[in-house]
Each structure stands twice: as structure tokens, then as C-alpha cells.
Amino acid sequence: MGEIFIQNIPDQGVTTISNEFIDSYMLRANGEFVKVYLYLLRITQNSRSISLSSIADAFDYTERDILRALRYWEKAGLLILSFENQKLTGVSFASFPVSKSEETATVCERSSESAQPNRSEKKIQPLAPPNTLTAERKKELQEKEEVSQFLYIAEQYLGRTLSKTDIDNLLYFYTDLHFNAELIEYLVEYCVSKGGKSSRYIETVALSWASEGITTVQEAKNALTLHNKNYFTILKALGIKGRNPIPTEQKMMDQWLNEMGFSLDMIEEACQRTVLQTGQSSFRYVDSILRGWYKKGVRCLTDLTALDEEHRIKKSSRPQLKTISRSKPTEDYPHRSYDYDEIKKSLFNQ
């Protein structure tokens, strides 16, 4: 792959990390994505061009892993990626604070159009925590009929009085993520149906939808349909047919696909190994396999092949235990013959 030109080079001499990045973005991101972002920020001090392969070599990752990390930061609004003939050709650093920069948002939209032409009309929203609204602004918002309505409906779905965090989050979805009242109501309904009533869970789902450019109920339903296809692909790999996944299984699958970032190929491989090793369709066993791979940095089938080979070599190098046959004499326990008549005489003569 050719060189990728990097623009907006930071000042020479030091690598500056924005406090907003640490406070608002780093804490939410996968550790490997954070490392790629920091490394990219660092290497721009010495070079204006770099390649995916060189970054991948530095971390012992695959180019696909690096591109996944770059796309994550593009969705977060911190990077702007340029593509030509479906190949990455440029990376630009966006300005902070992203969530309040209309100019950056416009550039991110143009970048998203070039990278994903079928979704050019969607906005890539920043994955940032809710901004603090003033008391006056909150009061003004809650006096709006549609706002007071979705707050009331959310309270009914959750079955409890909304906390300050609940209200702040819902208002954030409305003002910053640009969710309309109908989408917010559907969001809460969906989360409750999945057994997730906590503010944190609802916020995670909302940010995920925003990163996918979802702004309507129909778009949310379309995205969930795709998720459901992934669910049933995994169930099929485990030999499970004729039923829907239960909430705990959905939660595990969401973690495998979203938090850990495994592809369906990797998850299906873990499912096949589970059935072969246990003879059962155990989600917990699949989860233990994938978490083990995740800790070891295994992200694709190529990584897995290397891990399997390493395991095979270690196993073959272990010393083999020798089996001692009881039917034959050994050097340690030589066979002896005794004259029982002589033994009797010696006993009686005592």
C-alpha cells in the first residue's frame, strides 16, 4: 500500500495531548485505539507521510486493525480520513473541542461521504459525554411540550423517577446528538426491552447510534435488523435454531462485536471450537475463548493461526511421562525369586 500523507502537523519538539482528549475521549475508547491515536500523533513530529503497514508493524497488528482504529477516531470526530479508490490516502487531525466546532463537523461529513458514499447524508456525531447545561437552559428545555413528553414517557418505561443524570443524558441526546423526541422514546423503550435501565447503558446505546449517523426511528430499526442478523449467525454457529437470543446472550454478543471488535469469522471460529471441545452450545465458554484471545491481542484468523502454532510447539516440547508396566520387572524394581522351603526352615529353627 502507498504512502498516506498526514496534515495539520502539531508543533515540533513535544507531543501535546489535549485535556479534552483525556477527559472526554480516552476513557471511553478501546486501549488499542488509544495507542494508535497517540502513536500517530507522535510520529507526525518527524514525518509527513506514513503507511498502514509501518504502523501495523510497530504494534504487531494487522493493517485491518489499524484501519479499524482510525475509523473509530474518525467517527469520534478527532481524525479526518481521505480515500481514493477505496484506499486510505490521507489523515488530518481535527480541532478541539470537536463537539462544539461546526466547521469540524462539516469537514467530518465530507470525509464520511468519501469513505461511505451510501451514507453521505448522515452526520458522524462525536462520542463525547453530555455537556453541562445551565439551570436556566434545562428549565427552558423542559418547558417545551415535546421535551416534557419524552421525559415523562422515559420515566414510565424505566419505572422510576428520573435522576439528574437521566435528565442530563436525555437532554444531551436532544440538543447535542440531535435525536428527535420520537427517537429518544424509542431509544428508552429499546434499552428497557433489553434489560438495560441504567443511565450508563442508555447513554452507550445512544452514542453508538449517533456514531452510526442514526437520527430517525426507522434508521435505528434498520441498524437493529443488521444486529439481529449477526445474532442469528452466531446462534447458527453454535447449533442453536428455532429461538431468539435471550438478553444475557445479546449482551455477550454485543460485547464481542462492539467492545472487543471481533469479526463474525472470529466469533464463529470460537463457537465451533466450543462445540468441538465441550459438545455443548455454551455462550460462557465462547465468551471465555474470545476474552482470552482479546487479552493476547488476537484479532483475526491470521493471528489465531500463529497462536495455535505457538501452542502446538509448546505442547510438543513438554517432557512426556513414562508409563511403568506392572506386569514386567523394571530396573528400579528387579524381579526376585525366593526359596520358600528354606524360609520355613529358618522360621521354625528360631
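Each number in the numbering used here comes from the position in the sequence shown (counting from 1) with 132 added on. The beta-carbon is built from N, C-alpha and C at its ideal position, and this holds for glycine as well. Please read all numbers here as calculations on a predicted model, not as lab measurements.
Pairwise C-alpha distance: residue j and residue i
i, j, result
"Thr434", "Thr221", "25 Å"
"Cys403", "Gln387", "15 Å"
"Ile285", "Thr194", "46 Å"
"Ile198", "Gln281", "44 Å"
"Glu84", "Glu442", "Residue 84 lies beyond the residue range present for the chain, which begins at 133 and ends at 482; the question has no answer from this structure."
"Met398", "Glu278", "44 Å"
"His310", "Lys446", "54 Å"
"Phe364", "Trp205", "29 Å"
"Ala226", "Tyr333", "28 Å"
"Gln412", "Lys373", "14 Å"
"Leu283", "Met384", "29 Å"
"Ser414", "Tyr426", "18 Å"
"Thr410", "Arg416", "11 Å"
Beta carbon of residue i nearer than 8 Å to that of residue j
i, j, result
"Tyr171", "Ala188", "no"
"Tyr318", "Ala352", "yes"
"Glu400", "Ala438", "no"
"Leu396", "Asn362", "yes"
"Gln382", "Lys326", "yes"
"Pro377", "Leu389", "no"
"Gly429", "Asn162", "no"
Whole-number beta carbon distance between residue j and residue i, since they are thought to touch under 8 Å
i, j, result
"Val168", "Ala201", "4 Å"
"Glu297", "Ser343", "The question names Glu, yet the displayed sequence has Thr at residue 297. Not a contact, Cβ separation roughly 21 Å."
"Tyr157", "Leu213", "Tyr157 to Leu213, Cβ: 17 Å. No contact."
"Ile316", "Tyr306", "6 Å"
Residues of its chain near residue i, where Cβ-Cβ distance is below 7 Å and the 5 sequence neighbours each way are ignored
i, result
"Val324", "Tyr289, Leu290"
"Glu335", "Asn301"
Any non-hydrogen atom of the ligand ATP closer than 7 Å to residue i Cβ
i, result
"Glu335", "Looking for the ligand ATP in the displayed structure turns up nothing, as the structure carries no ligands at all."
Cβ-based neighbour list, residue i, same chain, cut-off 6 Å, excluding 5 preceding and 5 following
i, result
"Val418", "Ala402, Cys403, Thr406"
"Phe165", "Ala201, Tyr204"
"Thr174", "The sequence given here has Arg at residue 174, not Thr. Cβ neighbours of Arg174 beyond the five flanking positions: Thr147."
"Pro379", "Lys326, Gly327"
"Glu268", "none"
Beta-carbon contacts of residue i that lie in its chain and below 8 Å, excluding the five residues immediately before and after
i, result
"Glu287", "Thr293, Leu294"
Uninterrupted alpha helix (DSSP H) stretches inside the stretch 372–460 (no shorter than 4 residues) | DSSP runs (the alpha helix (DSSP H)) wholly in the stretch 372–460: 379–386, 396–410, 415–427, 433–448.
Whole alpha helix (DSSP H) elements within the stretch 335–376, 4-residue minimum = The qualifying runs are 349–369.
Give, in chain order, every unbroken run of the alpha helix (DSSP H) that is at least 4 residues long and sits entirely within the stretch 270–321.
-> 277–290, 296–307, all fully within the stretch 270–321.
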